[in-house]
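Okay, so here's the structure we're looking at.
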Amino acid sequence: MEIDRREFILAGGALAAGCASDKMPALKPEVTEVPDVAEVPADGEVPKRALILSPPVLQNAAETSMGVGFAVSDMANGYVDVSESPDLAGARRVKCGGYRVTDMNDKVMLVRLTGLKPATTYYYRIGADRIEYKNGYAMKIVGHEEDARVYSFQTLGAGARSSFCVINDTHAQMAPFGMAIDKIAELKPSCVVWNGDACNTQETIESLLPIFYVPKIARVDYAACQPYMFLPGNHDCRGLASRRIERAMMFRQPEERLSRDWDLGRNFAVRCGEIAMIGLDTGEDKLDSRDVFAGLFNMEPYRVAQRVWLEDALARPDIQSAPYLVAFCHIPLYDARPDANPGDCDKDGGGRYSTDYAAWQRTCANLWGPLLEKAGCQLVITAHQHRYRYDEPMAGRSWAHIVGGGPELGVTGRVVNGERVQVKDESHFPTVVEGFVGGGRLHVRVHDVLKNCIAGEFDYAPRRIDM
Ligand SMILES: [Fe+2]
Ligand SMILES: [Fe+2]
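Below, the structure is given as structure tokens:
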């Protein structure tokens with residue numbers, strides 16, 4: 453994969469000042485142009501490509517930790533220098549990987565920043581050593597690169613700004629993704645939930661890089677100052693790369709969960725100001741027993757394990773005390789249409805349903821729904837159907853339900869005369885769902901980012917808190 457270093461630097465440099473929020477001092481973009489060849493080789497040697505290929509991607513925002521990833525072109529040992537000071541005074545250097553050995557690799561550097569203060573602004577810079585590795589006794593540093601820019605982020609927690617955004621079903625399509633990113637740059641929420649189907653079917657870790665690290669959009673540094681919380685969709689479960697997708701978008705910090713829940717690396721329960729945000733993973737949209745999967749999926753016990761996790765998460769004092777409770781997952785937890793496949797039958801349920809895969813997830817709704825209801829959850833935000841929809845609360849479901857739009861830009865696929873074709877359909881548009889607290893209410897706006905207008909606007913009263 454060839455990534456244009458100059459393209460990244462120029463786009464990123466132009467946006468470096470844009471990363472600065474109103475509360476941050478404006479940071480001067482230091483890089484205006486960098487040659488494609490970062491290191492001048494000795495005579496006769498093949499010129500090396502730049503080592504750092506992407507701006508940083510903030511991920512897994514939490515109260516006291518933050519993940520930082522960036523793409524590299526060669527064997528590397530990456531690090532982050534982090535400080536509370538804009539000039540990085542007294543910065544702490546954190547290397548990629550964990551204890552014992554660093555995570556030397558040639559694709560993505562993943563650095564976990566821990567021991568941070570809640571709701572606090574931090575400044576950081578990324579860098580990496582280029583490593584020539586022959587064997588366990590023959591390795592050396594053969595270069596070093598640092599991104600010249602200083603970026604910033606704010607940790608979450610009860611004292612953070614109560615604001616989030618949600619994108620979903622971007623499916624590696626740069627046009628709708630770019631539109632959503634532009635809207636997020638305008639809204640500047642505390643964090644963004646990437647609610648699944650970022651991928652299509654990815655076989656290699658390298659193929660994940662244009663999706664998460666070097667997307668061909670104007671704001672290539674979309675996540676350098678804006679943390680993303682990635683929740684997988686069914687498409688993010690497919691292909692060999694899905695088995696190690698945490699090599700690109702890391703699992704959440706282990707201290708966020710009990711040892712019992714060691715493998716629940718995507719779930720989150722985190723305070724974002726007055727909002728308690730709950731992340732759940734609905735998994736695949738077909739049964740584990742489906743012939744096409746060759747017995748390679750294990751979603752059923754995964755969903756049950758998340759119920760146990762959810763019950764404990766909702767009982768945590770910091771979550772219980774939040775006036776607003778919003779849950780996120782990819783596959784809808786509700787659908788009123790009688791022909792919408794609920795995902796708990798084989799194929800199309802003997803012709804009862806319009807699709808041979810889950811349009812919604814009845815199993816998850818039955819496992820998680822009563823817990824969310826009991827906790828006074830006001831809203832569940834889902835995705836998957838590629839068409840925006842709002843379901844009012846009703847008897848037996850106290851929470852409202854929003855289904856985000858998909859990547860289709862005013863068109864949809866239909867079968868016409870036996871052939872699948874694209875037809876004009878204005879009900880299909882990508883969305884950014886925005887949530888924020890103001891005037892004692894949780895306000896939610898669904899932005900149609902194709903027409904740049906608001907497709908739906910709702911607000912919710914605080915929940916009754918019984919501590
Ligand atoms: Fe999708
Ligand atoms: Fe999906």
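My numbering numbers the first residue of the sequence shown as 453 and each following residue consecutively. We treat Cβ as the ideally placed atom computed from N, Cα and C, and that holds for glycine.
CA-CA distance, residue i and residue j?
i: E707; j: A700; result: 20 Å
i: K876; j: T864; result: 6 Å
i: G521; j: A632; result: 21 Å
i: A624; j: P859; result: 9 Å
i: A469; j: I636; result: Reliability fails at A469, whose pLDDT of 37 lies under 50, so the model's placement of it is uncertain and no value is given.
i: E485; j: V832; result: For E485, the predicted model reports a pLDDT of 34, less than 50, meaning its position is unreliable and no value from the coordinates is stated.
i: P508; j: G890; result: 31 Å
i: E482; j: Q813; result: Any reading at E482 must be qualified, since the residue scores a pLDDT of 34, below 50, and its modelled position is unreliable; the value itself is stated next. In a straight line, the C-alpha of E482 is about 49 Å away from that of Q813.
i: A543; j: M626; result: 35 Å
i: R916; j: A612; result: 21 Å
i: M476; j: L540; result: Any reading at M476 must be qualified, since the residue scores a pLDDT of 37, below 50, and its modelled position is unreliable; no value is offered.
i: V885; j: S537; result: 32 Å
i: N557; j: P628; result: 31 Å
i: T572; j: P769; result: 21 Å
i: F780; j: C724; result: 14 Å
i: I578; j: V532; result: 5 Å
i: K903; j: M591; result: 54 Å
i: D798; j: W714; result: 30 Å
i: A670; j: E638; result: 14 Å
i: K738; j: V666; result: 31 Å
i: Q678; j: E878; result: 30 Å
i: R755; j: L716; result: 10 Å
i: G801; j: D634; result: 41 Å
i: H899; j: V644; result: 14 Å
i: L661; j: K500; result: 20 Å
i: A847; j: N818; result: 15 Å
i: T807; j: P784; result: 15 Å
i: G908; j: Q830; result: 16 Å
i: C651; j: G747; result: 22 Å
i: E844; j: H853; result: 7 Å
i: G936; j: G803; result: There is no way to answer for residue 936, as the model of the chain reaches only from 453 to 919.
i: K640; j: L683; result: 20 Å
i: A528; j: Q874; result: 44 Å
Which residues does DSSP list as the beta-bridge partners of residue i?
i: M631; result: Answer is none; M631 lacks a bridge partner.
i: C643; result: F616
i: N529; result: D581
i: Q511; result: G519 and Y680
i: V560; result: A523
i: T653; result: DSSP output for T653 lists no bridge partner at all.
i: S659; result: Per DSSP, none; premise fails for S659.
i: K547; result: Y531
i: A852; result: L831
i: L777; result: A728
i: M591; result: Y585
i: Y574; result: F605
i: G890; result: R893
Closest by CA to residue i, which one among the options?
i: V672; options: C905, I854 and L505; result: L505
i: A810; options: G821, M556, A670 and Y786; result: Y786
i: L762; options: L540, P784, D843 and R709; result: R709
i: V618; options: A835, N869 and E844; result: A835
i: G857; options: G648, L777, Y665 and R723; result: G648
i: H838; options: V873, T883 and R804; result: T883
i: F881; options: A514, Y574, T622 and T516; result: T622
i: G862; options: Y840, L503, I730 and K640; result: Y840
i: Y805; options: P790, D688 and D740; result: P790
i: Y654; options: N620, S694, G630 and F664; result: Here residue 654 is Gln; the residue named in the question, Tyr, does not match the sequence. If we check each option's Cα against that of Q654, S694 comes out closest.
i: I593; options: E584, D599 and A600; result: E584
i: A774; options: G609, V855 and F703; result: G609
i: W921; options: Y912, N793 and G870; result: Examination of residue 921 is not possible in this model, given that the chain is present from 453 through 919 alone.
Pocket of ligand 1 defined by Cβ to heavy atom distance under 5 Å: Chain-ordered list of matching residues: D621 and D649.
Unbroken stretches of the beta strand (DSSP E), 3 residues or longer, contained in the stretch 785-840: Qualifying beta strand (DSSP E) stretches, in chain order: 831-834.
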